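Reading through the structure tokens given below for one structure.
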Amino acid sequence: MIDELRKIGLSDLEARCYMALHKEPNLSGYEVAKRVSVSRTNVYAVLRSLTEQGICRAIEGDPVLYDAVPIEQLVRALKSDFEKTAQKLLQELKSPPRTSSSFYTWQGEEPLKKTIHRLIANADQHIIADIWSEDVHWVEQPLLEAQQRGVAVTIITIGDSHTPLQDVVVHQRSEEWQQMASRKFSLLCDAKHALIGSFTAGLKLSALETDHPAVIELLQNAFYHDVVMERVERDFGDDLIGKYGIGYHNIIEKYRERF
5 MIDELRKIGL SDLEARCYMA LHKEPNLSGY EVAKRVSVSR TNVYAVLRSL TEQGICRAIE
65 GDPVLYDAVP IEQLVRALKS DFEKTAQKLL QELKSPPRTS SSFYTWQGEE PLKKTIHRLI
125 ANADQHIIAD IWSEDVHWVE QPLLEAQQRG VAVTIITIGD SHTPLQDVVV HQRSEEWQQM
185 ASRKFSLLCD AKHALIGSFT AGLKLSALET DHPAVIELLQ NAFYHDVVME RVERDFGDDL
245 IGKYGIGYHN IIEKYRERF
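Position in the sequence shown (first residue = 1) + 4 = this note's numbering.
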């Protein structure tokens, strides 16, 4: 819970003191200091700060005792403050009109997680995710939340996945898939915003975010190809293998030298 408390603006020591008082109310500053193993001087300063922020309450006496504001009350107050601030920002900070498409590069695990969450959270109508089964955890929770709020979510997985998402298209892996050095992924939200990247061993995680129409169309066409081929292969798999070979070898072979 310390990490979650830090996300709402508390320092590490503030979060630890709050947790100590949440578990055991009516403690003196000295008792809190013992429980968090920090000097009394630092803890008293933190308790004053938490009291001023309305996160902890003081009980006058000798010594002064402290109590954590119940987490339910704290969360409601924080939500109310956030919603007011967000509404003011939306009213006063209008985004300037865009005159051209842009490309943005994200590097590292945390920036990528935040970008995925932002794009999915802002989708209103439909989302298409294309990702290897072992990487589904990167997108699964935000996609489930989008699905719950009524967004049409389709996920295409390379390999079987046990995701609880409702609309799942599975591509079985051939030997060629197994030999690939990287696992690509893409995310398309409302046919307006795209994220493309790959998980490659030995390289820093990176992805490209864009709203360029050519990239959007490319991902849409790839999606149509995937869903059509999945259905055709499901209905006529043996006939296709008999005529074109496994993995469409008879069609593709003459082009392999070009790539």
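Backbone N, C-alpha and C define an ideal beta-carbon position, used for all residues, glycine too.
Quantities reported herein were computed from a predicted structural model and do not represent experimental measurements.
Three-state secondary structure assigned by DSSP to residue i
i	result
I6	helix
I162	strand
E64	coil
A211	strand
H216	coil
S32	strand
I59	coil
I245	helix
I135	strand
V174	strand
R102	coil
V143	coil
I12	coil
L123	helix
S84	helix
Per DSSP, cross-strand counterpart(s) of residue i
i	result
K188	S202
V130	According to the sequence shown, residue 130 is His rather than Val. Note: H130 sits in a beta bridge opposite A156.
T109	L212
L50	The question names Leu, but residue 50 is Val in the sequence shown. Answer by DSSP bridge pairing: none, since V50 is not bridged.
D71	R61
H197	C193
Residues near residue i by beta carbon distance below 7 Å, same chain, minus five either side
i	result
L54	E18, C21, Y22, C60
V42	L17
S210	T109, W110, Q111, G201
V73	G58, I59, C60, R61
Buried or exposed (CB count within 10 angstroms, at least 16 for buried), residue i
i	result
V79	exposed
E76	exposed
A150	buried
S99	exposed
E213	buried
V50	buried
A24	buried
A156	exposed
Spatially closest choice to residue i from the options, by CA coordinates
i	options	result
R235	D66, V173, H166	V173
D128	R153, K118, I162	R153
I6	V40, P29, Y108	V40
L191	S165, T119, E64	T119
A226	I132, K98, A49	I132
I124	L116, V140, K117, P146	P146
V140	K188, H130, G251, S99	K188
N126	G58, H166, A198, P217	A198
D164	S137, E144, L148	S137
S215	T103, P67, R10	In the sequence as displayed, the identity of residue 215 is Asp instead of Ser. For D215, the nearest C-alpha among the options comes from T103.
D171	E144, A185, S186	E144
Residues of its chain near residue i, where Cβ-Cβ distance is below 6 Å and the 5 sequence neighbours each way are ignored
i	result
A90	none
Chain-order list of residues whose beta-carbon lies under 8 Å from that of residue i (same chain, five-residue window excluded)
i	result
I63	N30, L69, Y70, D71
D230	D134, I160, V173, H175
K208	Q111, G112
K196	D215, I220
Residue-chain proximity (residue i, chain C), Cβ-Cβ < 9 Å
i	result
H26	The displayed structure is made up of one protein chain only, and chain C is not part of it.
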